[in-house]
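Numbering (this note's numbering), first residue to last: 61 to 192.
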């Protein structure tokens, strides 16, 4: 995996992970890399510096809001990892107690949940830790 700092023609800066440098190039050529803020597909790699020391403060208001959302989700919801679709469906069908959860699901699982009327929404961040 490789992380790139990216910037769109509107000046929005964001980061994204890709399986490899070639994967980024292929996705960008096909117009599948877009700005996380405005959706523009006119995205270029930004100058990157190695991370030295601890974490810095969010650079933009959007980053600060995403960081606040992450803190809220991690404090108030249970991380269920790859069991997200199974757990969300069980909660929706009242098979398990109602509670806030987050985790990972593939596109087919998400489509199935939505088709079954299970309310789900993507989060703008990846979990810091994986569930056991």
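Every residue gets a Cβ at the ideal spot worked out from N, C-alpha and C, and that includes glycine.
| Check | Outcome |
| --- | --- |
| Could you give the uninterrupted runs of the beta strand (DSSP E) lying entirely in the stretch 160-192, keeping only those of 3 residues or more? | 161-163 |
| My assumption, with CB atoms under 8 Å, is that residue 163 sits in contact with residue 177. Please give the rounded CB distance. | Not a contact, Cβ separation roughly 19 Å. |
| Roughly how far, in whole angstroms, is the beta-carbon of residue 185 from the beta-carbon of residue 126, given that I think they are within contact range, below 8 Å? | 6 Å |
| Tell me whether the beta-carbon of residue 64 lies closer than 8 Å to the beta-carbon of residue 83. | no |
| State the DSSP-derived secondary structure class of residue 63, mapped to helix, strand or coil. | strand |
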